[in-house]
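Below: one structure, written as structure tokens.
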Amino acid sequence: MQFVEKIVKGERAAIAKAITLVESSRENDKKESRKLISELLNKPGKSIRIGFSGPPGVGKSTFIESFGRYLVEKNYKLGILAIDPSSQITGGSILGDKTRMIEISKNPNTFIRSTPSRGSLGGISIGTREASIILDAAGYDFIFIETVGVGQSEIMATNLVDIFSLIVGPGSGDELQGIKKGITEYADIFIVNKNDGDLKSEASKTASDYKSAISYYKKSSEAADKEVLLVSAIEQTGMEKVIETIQNIVLQNKKNKNFDERRAKQFTYWIEEEVREIIQFSIQNKIKEDGSISKFSQKVMDGEIQMFDAIEAITQNLQNK
Amino acid sequence: MKTKNSENYTKWQKSFEQETKIDLNEASSETDEGIKIKPVYTKADIENLSFVDNDSLPGQLPYTRGPRASMYTNRPWTIRQYAGFSTAEESNEFYKKNLKSGQKGLSVAFDLPTHRGYDSDDDLVMGDVGKAGVAIDTVEDMKILFNDIPLNQMSVSMTMNGAVLPVLSSFVVAGEEQNVNKNLLSGTIQNDILKEFMVRNTYIYPPDPSMKIVADIIEFTSKEMPKFNSISISGYHMQEAGADNVLELAYTLADGIEYVRAALSKGLDIDDFAPRLSFFFAIGTDFFMEIAKLRAARTLWYKIMKDFGAKNEKSMILRTHCQTSGVSLTEKDPYNNIIRTSYEALSAILGGTQSLHTNSFDEAIALPTDESARIARNTQLILQNETGVTNTVDPLAGSYFVESLTDELSKKAWEIIEEIESLGGMTKAVKAGVPKLKIEESATKKQAKVDSGTRVVVGVNKFKNPKEPKVDVRVIDNNRVRDDQIKKINDIKASRDQKAVDKSLAKLVIAAKEDSNLLACSIDAIKNRATVGEVSKALEQVYGRHFATSLSVSGVYGKHFEGDEDFMNVAKKVNSFEKENGRRPRVLIVKMGQDGHDRGAKIVATSFADMGFDVDMGPLFQSPKDVAKDAIENDVHAIGVSTLAAGHKTLVPELMKSLKQIDPKSKIVVFVGGVIPEQDYDFLYENNISAIFGPGSNIIESAETVIDLISDKIHKDN
């Protein structure tokens, strides 16, 4: 298939079209998308996938611009998948990440794609996983996944990446308790940004707060230690430490098989998700055809049957179909 | 209160309600500023005012009635027309012609590359050289610009903020080489960087070093150039970007406070520099509001400076230049602009401005021609010579309405000033992006009012001209100007003493690192024939170049259209588009080149998103190549190019080429919006542009056109 070849060759337009396909909500496209992804899974690249999350205002995009610049200057190829919120009311969105990634967006070694979150909860949009497979096949060394704010379902992002990092600002240590426990638990790296100017001492205080907080976590396995790093995105300092840490964690986790285990778990999760979606879809169709819900509801209203008996009857009915 | 309860008032109220069939309490209208305007004002409205003193006189504190006792009765305001285009030679000819026809002061418009500190030979500025102003690369250009114009007699205003050091230096050296000592130079340098971060975007360095440069210039001029205004604190561009009058007034004065602080931090005494601070406001179409704004500005500045401990009376007096509103001009039925400008000019005069620029009627389309510039100038000459407005100082003083409005505006502005102060001053507020966002919100509201017809714009959304007149415009051959400039740069580089240049640039770098005064060093470098770009780059080594991050408002536009049929119609089209295509229509809105005016782009982006589009925003100052990469990676259906600085003839074809280069089969729809003369429409269509939206286009209609174009293209493919 020519399309796959173009992607593997790294043709920009083909990669972009492929991402559009995997993000599409059209039934036909979904089938095409599955076909494409299964072909691309046979042509895996060597990408490391890194998730970046953090509360609004900590300078996520600015950090990514700064860190990204550091990587492309070292000739790495960098793919970025940024997810922006869609409006709940209008469904539209403003995808403004690139206004904060000025230098790297020009660089020929980057591919930057913004995606509206659409209805999906938690900062991971439909198709993000597939998009990262496309970029992997296209030969990108690093794939960044930047998610919207911090929320419970952000944890879903950890199901897509090899390393999950949380970007925080100076002073956030006080709110450590407030930050969703799950996220701190899942994060591999804590990046304290804005280690510059007046905020320097505050930033290092925050870093030590995080250090002491993570020392309470029980180490689950031989997985690499969590790290706390100080950076300044505007002054581009601390970047070499970030890449060093990432490479160390990858190396260590690969050695102790944690890396592969994680990816295997993610596959299981993916399969489960797909199965669930397919079943859900077919059940929804069945419910539509069956019509027993409205039939039985009426009976409940009329007092002919108890509610829980009705529910049981409906499920029985659907399972027999 | 006495008057209000009087028998007469009750009688009047009864008659009013009988005539209008409206309860008086509901008969007020509300301005953009959120001020209620009543159908009638009485003496009761000017009792107990907070800021205005009803007994004050012109030239007396709090200066509400004007900075001088005699005002125009002694000498009318200065007619100061802002102009500049193409090369220094051509601008110089234009200036000389204008001075012969009754203009009194000069006001120089520089092109965008000069503003952003790039020489004309820089690849980044291909499309912008000589377009929206004159190109100045070296002191030689500056000398040509003032050829046969004696700088010891002519007051010169220069709109320059980003590259303020090399440009002011060139002016000083040009004077010197005309044998005019710098202490005799008179005029104004805009030097107002804060509003650049807020709205105009022609900055170079980050906020902190930029503020240092401002302070350096105030310090230097206060010692060496006593007749020169070190800064023109400008609200103009805020109103142009969509700010209402309260925001314009408050942010301008809050900027002023910040500049005073910066200068004080240099160890200057307030009375050493404050008398040379000047202001610049926009005058829009809200007639009485604009008059009240100028009166309120003087009143508040007096209070601010007194609080700073100024002792010299001159330190407390706000002197201002005004310009009629560019954003009020329409492309449709353009002769209406002459009328709009006339009323705006009258507002400025009744408000007591010290100098005035009146826009040419064709400026919504292109740079003024000789003929349109003449009409603009005559607008002021007629006011000065035929109407009698110069015979009485502050003729509206004592008007119940105007005095009460002045006070109300002062109160509202003061609240916002206090809000900025509570954020730690304007530099901090600007870094946090607060004012920018507030102004964008105000701009989006205004646009929604026009698009929904709540606000009438004659010839645009009502009383349309069935036969639009054709207007001749000035055409700049951008490539020729650029070639001329490059040749001049090369000649100078070949003949100058390179060692001296290098040495003075190195000194400048050291001065930046050591925090000593940069203007003195910059003058040396310019004297040695360093270019504007070289001086700017030297400082860039120390300070870096600033890239603004940009926040966007959402929901503001859509709120005005709840239940609106056309709006819902587009939203519906968007939804069925999504069903059919598996995603929403996706549009990339961009600006290219050095033009930083992003009000239009921002409004289009937020209103399209409110109609349900997915909208990608590109950064400012992109090259066509960057835009193409962005568009293709995000697989957008369409690109909307916002252009206001005449760069479209170079940059748009370049974009089309870049798109094809990355993806020969690209099906992306490209449309253009902004200031584009009709003469260029065919050229753009030949370059496969699908639609062109001029100023005053209805955004809902535009959105519908765009989604239809996208759908057509998709269907054609299948």
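Chains A and B are the protein sequences, given in the same order.
In terms of numbering that gives the first Met the number 0, the numbers along the first sequence are unbroken and rise by one, the last being 320.
In terms of numbering that gives the first Met the number 0, the numbers along the second sequence are unbroken and rise by one, the last being 717.
The beta-carbon is built from N, C-alpha and C at its ideal position, and this holds for glycine as well.
For chain B, find out if any of its Cβ atoms is closer than 8 Å to the Cβ of residue i; answer yes or no.
i: serine 131(A); result: no
i: arginine 128(A); result: no
i: alanine 12(A); result: yes
i: isoleucine 18(A); result: yes
i: proline 169(A); result: no
i: leucine 94(A); result: yes
i: glutamine 151(A); result: Residue confidence for glutamine 151(A) is low, a pLDDT of 48 falling below 50, so the modelled location carries little weight; the figure read from the coordinates is stated next. It does not; no Cβ of chain B falls within 8 Å.
i: lysine 97(A); result: yes
i: isoleucine 101(A); result: yes
i: glutamate 22(A); result: yes
i: serine 231(A); result: no
i: serine 65(A); result: no
i: phenylalanine 110(A); result: yes
Going by DSSP, what residue range makes up the beta strand (DSSP E) through residue i?
i: histidine 356(B); result: 354-356
i: alanine 81(A); result: 77-83
i: lysine 590(B); result: 585-590
i: phenylalanine 163(A); result: 162-167
i: glycine 186(B); result: 186-188
With DSSP run on the structure shown, which of helix, strand or coil describes residue i?
i: arginine 528(B); result: coil
i: leucine 404(B); result: helix
i: leucine 263(B); result: helix
i: leucine 105(B); result: strand
i: glycine 67(A); result: helix
i: phenylalanine 110(A); result: strand
i: asparagine 228(B); result: strand
i: lysine 8(A); result: coil
i: tyrosine 117(B); result: coil
i: glycine 122(A); result: Caution is warranted here: a pLDDT of 46 is assigned to glycine 122(A), below 50, making its placement in the model unreliable, and the coordinate value is therefore given only provisionally. Note: glycine 122(A) maps to coil in three-state DSSP.
i: glutamine 621(B); result: strand
i: glycine 387(B); result: coil
For chain A, find out if any of its Cβ atoms is closer than 8 Å to the Cβ of residue i; answer yes or no.
i: phenylalanine 546(B); result: yes
i: serine 553(B); result: yes
i: isoleucine 713(B); result: no
i: threonine 386(B); result: no
i: isoleucine 602(B); result: no
i: glycine 557(B); result: yes
i: threonine 605(B); result: yes
i: phenylalanine 612(B); result: yes
i: glycine 325(B); result: no
i: methionine 655(B); result: no
i: proline 618(B); result: yes
i: glutamate 632(B); result: yes
What residue range does the alpha helix (DSSP H) around residue i cover?
i: histidine 236(B); result: 235-239
i: valine 249(A); result: 238-254
i: methionine 306(A); result: 306-318
i: aspartate 707(B); result: 698-716
i: methionine 655(B); result: 647-661
Interface residues of chain D around residue i at Cβ under 9 Å?
i: proline 225(B); result: Looking at the structure shown, chain D is missing, and the protein chains on hand are A and B.
Confirm, please, whether the CB-CB distance from residue j to residue i is below 8 Å.
i: phenylalanine 360(B); j: tyrosine 334(B); result: yes
i: valine 401(B); j: alanine 281(B); result: no
i: glycine 78(A); j: leucine 134(A); result: yes
i: isoleucine 475(B); j: glycine 132(B); result: no
i: phenylalanine 278(B); j: threonine 298(B); result: no
i: valine 3(A); j: glutamate 38(A); result: yes
i: isoleucine 485(B); j: aspartate 140(B); result: no
i: leucine 159(A); j: threonine 205(A); result: no
i: isoleucine 602(B); j: alanine 630(B); result: no
i: serine 231(B); j: threonine 187(B); result: yes
Checklist entry - Quick one: complete beta strand (DSSP E) runs, 3+ long, within the stretch 25-65 of chain A? => result 47-52
Item to check | Sequence ranges, beta strand (DSSP E) only - wholly within the stretch 273-305 of chain B, length at least 3 | outcome: 276-282
Checklist entry - Can you list the beta strand (DSSP E) stretches of 3 or more residues lying completely in the stretch 320-362 of chain B, in chain order? => result 354-356
Checklist entry - In chain order, which continuous runs of the beta strand (DSSP E) of length 3 or greater are located wholly inside the stretch 27-101 of chain B? => result 77-82
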